[in-house]
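For the sequence shown, the working numbering begins at 15 and goes up steadily by one. Every residue, glycine too, gets a C-beta built ideally from N, C-alpha and C. This one's a predicted model, so the numbers in the text were calculated from it and none came from an experiment. A short worksheet on the structure shown next.
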Amino acid sequence: MGLQPYVMALITIVLIRVVSKSVQTIAKTPEGELRLRMVDARKLNPQTIMPPYFVVDGMNRVAPPFRGKPILTAEQIEDVVAFLATLRD
Ligand code: HEM
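Dropping the structure here:
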């Protein structure tokens, strides 16, 4: 019980670090690569666990209601790319 606040503080510090590191990486990634990674990260790393947000081919064990449907539309991908571009200085 006495340890819990310290554990929570430690977890919070680690999460803040991970998020800020991710934002720094995204800010350094060229727009075309961000778009490709979201459309189909397997093009850059065939072993990736990052889900393809647009391509629907070559998937395994997709739940029936989601089969053949992209996670995002082309327009939504562009919206995310545009938002991520605002994180650059
Ligand atoms: C819209 C959401 C996302 C964006 C914009 C995004 C963006 C990126 C970027 C830019 C990289 C390259 C990092 C580098 O160059 O060091 C990356 C790598 C990676 N992402 Fe994502 N990501 C997203 C969602 C996800 C999700 C949901 C997962 C996991 C479930 C994930 C897992 C990974 C992994 C494991 C890598 C390391 C490289 C690899 O194994 O392919 N990402 N992502």
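Would you identify the three-state DSSP class for ASP93, choosing helix, strand or coil?
-> The count along the sequence shown starts at 1 and reaches residue 93 at position 79. Residue state, collapsed to three classes: helix.
Determine the extent of the alpha helix (DSSP H) in which ARG75 is found, giving its start and end residues.
-> Within the sequence shown, numbered from 1, the residue matching residue 75 stands at position 61. Note, ARG75: premise wrong, no alpha helix (DSSP H); not H, not E.
The alpha helix (DSSP H) spanning MET64 covers which residue range?
-> In the sequence shown, residue 64 corresponds to position 50, counting from 1. DSSP places MET64 in no alpha helix (DSSP H); its state is neither H nor E.
Taking 8 angstroms as the cut-off, decide whether the C-beta atoms of ALA99 and GLU45 are in contact.
-> As a first step, residue 99 is located in the sequence shown; it is residue number 85 there, counting from the start. As a first step, residue 45 is located in the sequence shown; it is residue number 31 there, counting from the start. GLU45 is positioned such that its CB atom lies closer than 8 angstroms to that of ALA99.
Helix, strand or coil: how does DSSP classify THR19 here?
-> Your numbering for residue 19 matches position 5 in the sequence shown. It is Pro, not Thr, that sits at residue 19 in the sequence shown. Assignment of PRO19 by DSSP, reduced to helix, strand and coil, places it in the helix class.
Determine, using beta-carbon pairs with one atom in the region 23-42 and one in the region 53-62, whether at least three such pairs fall under 8 angstroms.
-> No: fewer than three Cβ pairs fall under 8 angstroms.
Would you say LEU50 touches the ligand HEM, meaning its beta carbon is less than 7 angstroms from a heavy atom?
-> Numbered from its first residue, the sequence shown carries residue 50 at position 36. In this structure, the C-beta of LEU50 stays at least 7 angstroms away from each heavy atom of the ligand HEM.
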